[in-house]
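J.:
Chains as they are written, first to last, in this note's numbering: chain A, 45 to 156; chain B, 45 to 156; chain C, 45 to 156; chain D, 45 to 156.
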């Protein structure tokens with residue numbers, strides 16, 4: 045899946061509707077928080093490990109699409125290279141959580 | 045940028061650290077909301093259209109990487125095809141906001 | 045505990061620091077979402093029913109104070125009477141969730 | 045307005061409906077984030093300083109009531125004394141943001 049293609053289509057979609065004026069980074073960050081809240085709402089009262097049904101899957105797909113869409117639009121507006129940002133985060137996390145140490149902590153958690 | 049490759053690397057990273065046990069859809073939805081809150085915090089007191097500096101760009105890149113990472117992990121756990129979900133959303137939005145109508149509303153907003 | 049007294053003290057605190065200029069309803073709604081995200085972060089990887097320790101209690105107290113503070117400031121800016129709003133919500137919820145029906149649903153959930 | 049009275053009524057309301065089983069601190073923190081997202085949604089595309097109309101006021105009142113209700117329920121479950129928590133936060137903030145320093149920063153912001 046190619047994020048650049050989605051980005052182009054999103055920019056065109058907004059441009060055609062004169063929506064760019066509303067798409068400040070601050071407003072798009074608000075949109076991301078709003079959509080993340082809507083995704084979370086689906087799981088609000090569900091036990092952590094209930095098998096989810098078709099209805100949950102359908103609603104979650106819609107919210108995750110909104111989140112991805114706003115994340116891409118935000119990155120466009122801020123000139124963020126999402127691929128580079130993710131690769132950098134991988135590097136940070138690999139140093140921050142070395143395999144052996146992380147395994148030990150996970151095991152302890154598991155015994156809570 | 046290829047989401048499938050990131051997904052594989054993320055799954056391997058979590059597996060190596062025994063972290064899969066924590067990655068229920070509910071917990072990953074919580075993580076998305078937490079990260080969206082951290083992104084929003086950057087803009088909390090900034091005027092809507094202030095030009096952002098290098099520091100804001102750097103912090104925003106980190107948060108957007110976290111959001112993308114959790115969105116991909118969530119989709120893996122829920123068997124959501126992100127590409128399909130985004131394409132479906134495009135279709136919905138193109139019907140919901142026809143160009144002419146959307147332009148009219150945007151214009152009115154603009155005159156507020 | 046008297047919300048009006050806290051409200052007065054909060055307004056004075058902001059006024060003394062020339063902070064009122066930043067306290068638009070939109071910005072205060074952002075602050076509430078940011079603080080709710082920080083509260084949620086505490087529980088991000090904790091199992092739902094782990095007994096919480098002193099550290100969790102301490103951090104949760106701080107976040108809940110921030111949430112209450114911003115909720116009061118927001119209400120002041122929007123001329124919302126919090127007491128009236130809560131009493132109205134009670135009425136709505138009592139009609140929406142009659143005791144007998146709600147009990148039945150809770151029982152079914154419980155058997156999941 | 046007396047938070048203790050609301051707290052008692054909320055506990056009774058939940059108890060009557062067998063809802064206590066769902067009200068873990070983790071779930072109530074989720075509810076707070078969800079409601080904060082709903083409050084934020086109202087302002088998502090509004091310019092920061094638009095005068096708000098009756099409709100915005102009405103919807104904001106409902107969301108702020110939900111936020112206060114969940115904050116009180118969360119505090120009950122965690123044995124948090126909200127009054128004490130707010131007073132402590134006042135003390136922290138008064139030391140963290142001394143009047144003269146805060147004024148200076150606000151003035152600089154204002155000139156952006």
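Glycine is no exception: its CB is placed at the ideal position from the N, C-alpha and C atoms.
In three-state terms, what does DSSP make of residue 49 of chain C?
T.: Numbered from 1 along the third chain, position 5 holds the residue referred to as residue 49 of chain C. Helix.
J.: Measure the C-alpha to C-alpha separation of residue 148 of chain A and residue 91 of chain A and round it to an integer number of angstroms.
T.: The residue you call residue 148 of chain A lines up with position 104 of the first chain. The residue you call residue 91 of chain A lines up with position 47 of the first chain. Roughly 27 Å separates the two Cα atoms.
J.: Near residue 113 of chain B, what residues of its chain come up, given a Cβ to Cβ distance below 8 Å and the 5 sequence neighbours on each side ignored?
T.: What you label residue 113 of chain B is simply residue 69 of the second chain in a count that begins at 1. Only 50 and 54 meet the Cβ criterion.
J.: CB-CB under 7 Å to residue 69 of chain B, same chain, minus the five flanking residues each way: which ones, in chain order?
T.: Stepping through the second chain from its first residue, residue 69 of chain B is reached at position 25. Here the set comprises 118, 121 and 122.
J.: Where residue 79 of chain A and residue 129 of chain B are concerned, what is the direct C-alpha to C-alpha distance, given to the nearest angstrom?
T.: Indexing the first chain from 1 puts residue 79 of chain A at position 35. Indexing the second chain from 1 puts residue 129 of chain B at position 85. Answer to the nearest angstrom: the Cα atoms are 15 Å apart.
J.: Note down, in chain order, each residue of its chain lying with its Cβ closer than 8 Å to the Cβ of residue 103 of chain D, except the 5 sequence neighbours on either side.
T.: Within the fourth chain, residue 103 of chain D is the residue found at index 59, counting from 1. Counting only Cβ-Cβ distances below 8 Å, and skipping sequence neighbours, we find 86.
J.: Roughly how many angstroms separate the alpha carbons of residue 75 of chain D and residue 76 of chain C, rounded to a whole number?
T.: As a first step, residue 75 of chain D is located in the fourth chain; it is residue number 31 there, counting from the start. As a first step, residue 76 of chain C is located in the third chain; it is residue number 32 there, counting from the start. The alpha-carbon atoms of residue 75 of chain D and residue 76 of chain C are separated by roughly 13 Å.
J.: Return helix, strand or coil for residue 92 of chain A, following the three-state DSSP convention.
T.: One-based indexing of the first chain puts residue 92 of chain A at position 48. Note: residue 92 of chain A maps to coil in three-state DSSP.
J.: Just to confirm the assignment, what range does the alpha helix (DSSP H) spanning residue 101 of chain A have?
T.: Here the question's residue 101 of chain A lines up with position 57 in the first chain. Looking at the DSSP string, the run of the alpha helix (DSSP H) that includes residue 101 of chain A is 98-121.
J.: As an exercise, report each continuous alpha helix (DSSP H) stretch of at least 4 residues that is fully enclosed by the segment 118-151 of chain B, in chain order.
T.: Qualifying alpha helix (DSSP H) stretches, in chain order: 126-140.
J.: Our contact map puts residue 133 of chain D next to residue 110 of chain C with C-beta atoms below 8 Å; I'd like the distance itself, whole angstroms only.
T.: One-based indexing of the fourth chain puts residue 133 of chain D at position 89. One-based indexing of the third chain puts residue 110 of chain C at position 66. Going by Cβ atoms, the distance from residue 133 of chain D to residue 110 of chain C rounds to 7 Å, so yes, they are a contact pair.
J.: Buried or exposed for residue 71 of chain C, going by 16 or more other Cβ atoms inside 10 Å?
T.: Indexing the third chain from 1 puts residue 71 of chain C at position 27. That one is buried.
J.: Could you check where the alpha helix (DSSP H) with residue 87 of chain B kicks off and where it finishes?
T.: Numbered from 1 along the second chain, position 43 holds the residue referred to as residue 87 of chain B. It spans 69-87 - the alpha helix (DSSP H) in which residue 87 of chain B sits, taken as one unbroken run.
J.: With a threshold of 8 Å between beta carbons, is residue 101 of chain C in contact with chain D?
T.: To locate residue 101 of chain C, count along the third chain from 1; it is residue 57. Interface residue, yes.
J.: For a contact defined as C-beta to C-beta under 8 Å, what are the partners of residue 133 of chain C on chain F?
T.: Any reference to chain F falls outside this structure, whose protein chains are A, B, C and D.
J.: Between C/84, C/56, C/143 and C/124, which has its C-alpha nearest residue 96 of chain D's C-alpha?
T.: In the fourth chain, residue 96 of chain D corresponds to position 52, counting from 1. Per the Cα distances, C/124.
J.: Just by C-beta distance, which residues in the segment 62-80 of chain C are closer than 8 Å to chain A?
T.: The residues in question are 74 and 77.
J.: Taking C-beta pairs closer than 9 Å, name the residues in chain D that residue 56 of chain C reaches, listed in chain order.
T.: Residue 56 of chain C sits at position 12 when you count from the first residue of the third chain. Those within 9 Å of residue 56 of chain C in chain D number zero; the least Cβ separation is about 11 Å.
J.: Which residue's Cα is closest to the Cα of residue 107 of chain B: B/116, B/52 and B/83?
T.: Taking the first residue of the second chain as position 1, residue 107 of chain B is located at position 63. Selected option, being the one with the closest Cα: B/83.
J.: For residue 73 of chain C, collect the residues of the same chain with a Cβ closer than 8 Å to its Cβ; drop the 5 residues on either side in sequence, then sort them by chain order.
T.: Within the third chain, numbered from 1, the residue matching residue 73 of chain C stands at position 29. The answer, listed in chain order, is 118.
J.: Could you pull out every residue in the same chain whose Cβ sits closer than 8 Å to the Cβ of residue 116 of chain A, ignoring the five residues on either side in sequence?
T.: The residue you call residue 116 of chain A lines up with position 72 of the first chain. These residues qualify, in order along the chain: 47, 50, 51, 54 and 126.
J.: Going by beta-carbon coordinates alone, are residue 61 of chain D and residue 62 of chain C separated by less than 8 Å?
T.: The sequence position of residue 61 of chain D within the fourth chain is 17, counting from 1. The sequence position of residue 62 of chain C within the third chain is 18, counting from 1. Against a cut-off of 8 Å, the Cβ pair of residue 62 of chain C and residue 61 of chain D comes out as no contact.
J.: Check each residue of the segment 84-96 of chain A: if its Cβ is closer than 7 Å to any Cβ of chain D, include it; give the result in chain order.
T.: So the list reads 84, 85, 88 and 89, given in the order they occur along the chain.
J.: Rounded to a whole number of angstroms, what is the C-alpha to C-alpha distance between residue 144 of chain D and residue 137 of chain A?
T.: Stepping through the fourth chain from its first residue, residue 144 of chain D is reached at position 100. Stepping through the first chain from its first residue, residue 137 of chain A is reached at position 93. Roughly 41 Å between the two C-alpha positions.
J.: How long is the line joining the alpha carbons of residue 66 of chain D and residue 89 of chain A, rounded to whole angstroms?
T.: Within the fourth chain, numbered from 1, the residue matching residue 66 of chain D stands at position 22. Within the first chain, numbered from 1, the residue matching residue 89 of chain A stands at position 45. Cα to Cα, the separation comes out at about 7 Å.
J.: For residue 147 of chain A, go through chain B and note every residue whose CB falls closer than 7 Å to its CB, in chain order.
T.: Within the first chain, the letter at position 103 stands for residue 147 of chain A. Those within 7 Å of residue 147 of chain A in chain B are 61 and 62.
J.: Cβ closer than 7 Å: which chain B residues qualify as neighbours of residue 140 of chain A?
T.: The residue given as residue 140 of chain A occupies position 96 in the first chain. The premise fails here: residue 140 of chain A is roughly 11 Å from chain B at the closest Cβ pair, so nothing lies under 7 Å.
J.: Can you name the residues of chain D whose CB is closer than 7 Å to the CB of residue 52 of chain C?
T.: For the purposes of this step, residue 52 of chain C is identified with residue 8 of the third chain, where counting begins at 1. None at all; the shortest Cβ gap to chain D is about 12 Å.
J.: Give a yes or no on whether the minimum CB-CB distance between residue 117 of chain A and chain B is below 8 Å.
T.: Within the first chain, residue 117 of chain A is the residue found at index 73, counting from 1. Answer no: the Cβ-Cβ gap between residue 117 of chain A and chain B never drops below 8 Å.
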